[in-house]
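Numbering (this note's numbering), first residue to last: 309 to 657.
Cβ atoms here follow ideal geometry from the backbone N, Cα and C, with glycine treated the same way.
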């Protein structure tokens, strides 16, 4: 844990509006999210992902399922991460100048309304899924980290902060595991087999919660699965869960000691305190998925040469920095980024 007073300077450079409120103003739309005092801001776009059927299209599959003609979902091909430019080209949303606007949002690239589904199938047969909000993949963070390390005198010292509101972080409330259980013995009746499967699921869930949080927390959840769980019963230890927060506009953060050098590769996944019980529950040798593991929402070095912000509701990460650092990020292979300003609105408008 880190002393949250080390982030007081950051609070002083942010206006008091919540991000969604600030975004409605034409001037300083990001004033509650990105600190003032930096000559440049770079918006790093979180990648889309895509998949497709080995044969046929998802639209045809849905028709067959609705007609009761398909008993199981056919094999899928994982297309991995995809750049915004590629997705826009596939959906015909790139524009005549083939340039992405600084304020373009992921649903616009998909050609959908922001209230609609986060994935869309294109004419090429691939289904494109909108980027994760509020987090960088481990691979993208590993590409950003060396660039930022070159533009600070303290790459080994700094702060990494995580939003306090993630389910299960400060208490075990809101955290659950998907448990698949086999049907009961064949000699059982239908209702009996369902009861058996339900018992197996609850038992497996209890054991995973016990490994992650201890026997007391597991029993409490078993007795009152929908009841309130106390601070300290979740991922973070009690001292951290009940400790002070870095209070920024409409957001509270738990701070940890970490330099940007920590994130040059994926070894941070095995060390991050906010991921520890998830590794424990998963079992020996298992760990958080590289794509879905929560990255820090805030990172800055001790010399404050730059600040990296992964706002929980944004489909991109914002880096306030020097002009030289911004140029390096914009020119780096494997980092899709756009120059923006504090007037750029990144909420649907």
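Should residue i be labelled buried (16 or more other beta-carbon atoms within 10 Å of its own) or exposed?
{"i": "residue 564", "result": "buried"}
{"i": "residue 317", "result": "exposed"}
{"i": "residue 384", "result": "exposed"}
{"i": "residue 403", "result": "exposed"}
{"i": "residue 639", "result": "exposed"}
{"i": "residue 632", "result": "exposed"}
{"i": "residue 479", "result": "buried"}
{"i": "residue 623", "result": "buried"}
{"i": "residue 445", "result": "buried"}
{"i": "residue 500", "result": "exposed"}
{"i": "residue 531", "result": "exposed"}
{"i": "residue 312", "result": "buried"}
{"i": "residue 547", "result": "exposed"}
{"i": "residue 423", "result": "exposed"}
{"i": "residue 618", "result": "buried"}
{"i": "residue 659", "result": "Because the chain spans 309 through 657 in this model, residue 659 falls outside it and cannot be assessed."}
{"i": "residue 541", "result": "buried"}
{"i": "residue 527", "result": "exposed"}
{"i": "residue 625", "result": "buried"}
Regarding residue i and the ligand GTP, is the C-beta to nearest heavy atom distance less than 7 Å?
{"i": "residue 339", "result": "Only the bare structure without any ligand can be found here, which leaves the ligand GTP out of the picture."}
Roughly how many angstroms separate the alpha carbons of residue i and residue j, rounded to a whole number?
{"i": "residue 634", "j": "residue 348", "result": "6 Å"}
{"i": "residue 343", "j": "residue 321", "result": "5 Å"}
{"i": "residue 393", "j": "residue 421", "result": "19 Å"}
{"i": "residue 508", "j": "residue 582", "result": "28 Å"}
{"i": "residue 663", "j": "residue 436", "result": "The first residue shown for the chain is 309 and the last is 657, placing residue 663 beyond what the model contains."}
{"i": "residue 517", "j": "residue 620", "result": "26 Å"}
{"i": "residue 361", "j": "residue 503", "result": "34 Å"}
{"i": "residue 552", "j": "residue 341", "result": "20 Å"}
{"i": "residue 654", "j": "residue 438", "result": "15 Å"}
{"i": "residue 440", "j": "residue 562", "result": "21 Å"}
{"i": "residue 539", "j": "residue 472", "result": "11 Å"}
{"i": "residue 630", "j": "residue 603", "result": "23 Å"}
{"i": "residue 346", "j": "residue 616", "result": "12 Å"}
{"i": "residue 352", "j": "residue 410", "result": "10 Å"}
{"i": "residue 554", "j": "residue 515", "result": "34 Å"}
{"i": "residue 408", "j": "residue 573", "result": "29 Å"}
{"i": "residue 510", "j": "residue 543", "result": "20 Å"}
{"i": "residue 569", "j": "residue 365", "result": "43 Å"}
{"i": "residue 589", "j": "residue 406", "result": "Low local confidence applies: a pLDDT of 47 at residue 589 is under 50, so the model's placement there is unreliable, and no value is given."}
{"i": "residue 533", "j": "residue 649", "result": "46 Å"}
{"i": "residue 567", "j": "residue 537", "result": "33 Å"}
{"i": "residue 395", "j": "residue 477", "result": "34 Å"}
Considering only DSSP beta bridges, list what residue i is partnered with.
{"i": "residue 452", "result": "Per DSSP, none; premise fails for residue 452."}
{"i": "residue 624", "result": "353"}
{"i": "residue 467", "result": "565, 608"}
{"i": "residue 398", "result": "Answer is none; residue 398 lacks a bridge partner."}
{"i": "residue 648", "result": "349"}
{"i": "residue 361", "result": "384"}
{"i": "residue 615", "result": "628"}
{"i": "residue 390", "result": "356"}
Taking only beta-carbon positions, decide if residue i is within less than 8 Å of chain B.
{"i": "residue 397", "result": "Absence of chain B from the displayed structure is noted, only one protein chain being present."}
- prompt: If you pair each beta-carbon of the segment 635-650 with each one of the segment 446-453, do three or more pairs fall below 8 Å?
  reply: yes
query: Where are the alpha helix (DSSP H) runs, 4 residues long or more, that stay fully inside the segment 511-575, in chain order?
result: 523-531, 546-549
- prompt: Where are the beta strand (DSSP E) runs, 3 residues long or more, that stay fully inside the segment 407-449, in chain order?
  reply: 427-429, 435-437
query: Is it a yes or a no for the segment 401-417 touching the segment 567-579, going by three-plus beta-carbon pairs under 8 Å?
result: no
message: Three Cβ pairs or more, each shorter than 8 Å: is that satisfied between the segment 555-564 and the segment 431-447?
response: no
- request: Tell me, please, whether the segment 455-468 touches the segment 598-617 by the rule of three or more beta-carbon pairs shorter than 8 Å.
  value: yes
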